[in-house]
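First up is the structure itself, then whatever we jot down about it.
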Amino acid sequence: MALDVGERRIGVALSDPTRTLATPLTTIRAEPRATALKRIVTLIREHEVTTLVVGLPLTMSGDVGPQATLVQQFVDELRQVIKIPLYFVDERLTTVAAERMMIDLKLKPEQRKARIDEVAASIILQDFLDTQRQTPN
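Note that my numbering has the sequence shown beginning at 3, numbered continuously upward.
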């Protein structure tokens with residue numbers, strides 16, 4: 003499962019059981035924080051998730067900026083309530099890629115706004131899955 007954590011919304015994506023294909027799942031409200039954390043824990047249990055991937059929005063120069071710091075703080079809280087491995091993935095430009103993909107699919111602006119975070123999460127997860135397949139065990 004992957005998360006695209008924003009200040010207002012958190013996009014969620016899942017992979018298939020073979021860890022080949024990532025698909026958007028849902029978008030949850032980021033606040034109140036306790037509710038968001040509870041919802042993530044519920045999704046992990048419901049979908050029997052064994053690994054969590056979180057997009058880290060580094061600056062274009064690769065530094066940890068204010069937004070990445072907020073994501074790290076969220077993950078610190080999340081680690082207190084989950085017991086599965088968690089990995090950060092550089093998510094630079096995933097929202098741009100998600101927007102472009104949805105425009106190509108001819109989705110209306112309101113449809114794009116409603117799904118942008120979960121589509122971005124699916125791109126983050128797909129990048130992670132592709133990297134894992136390329137890394138020899």
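All C-beta atoms, glycine included, are put in the ideal place defined by N, C-alpha and C. It should be emphasised that the depicted structure is a prediction, and the values quoted were computed from it without experimental measurement.
Collapsed DSSP secondary structure at residue i in the structure displayed
| i | result |
| --- | --- |
| D18 | coil |
| V77 | helix |
| V51 | coil |
Boundaries (first-last residue) of the alpha helix (DSSP H) holding residue i
| i | result |
| --- | --- |
| R41 | R35 to E48 |
Residue i - containing beta strand (DSSP E), residue span
| i | result |
| --- | --- |
| V66 | Careful: V66 lies outside any beta strand (DSSP E) and carries neither H nor E. |
| V7 | A4 to V7 |
| I30 | A24 to R31 |
| L60 | Neither: L60 is in no beta strand (DSSP E) and is coded neither H nor E. |
Proximity test, Cβ basis, 9 angstroms: residue i and chain D
| i | result |
| --- | --- |
| V83 | Any reference to chain D falls outside this structure, which holds one protein chain only. |
Under 9 angstroms between C-beta atoms of residue i and residue j
| i | j | result |
| --- | --- | --- |
| V141 | V7 | Here the chain has residues from 3 to 139 only, and residue 141 is not among them. |
| I125 | M103 | yes |
Check whether the stretch 11-23 and the stretch 34-50 are in contact - that is, three or more C-beta pairs closer than 8 angstroms.
yes
Any 3 or more C-beta pairs closer than 8 angstroms across the stretch 57-76 and the stretch 21-28
no
With three or more C-beta pairs closer than 8 angstroms as the rule, is the stretch 126-138 touching the stretch 102-110?
no
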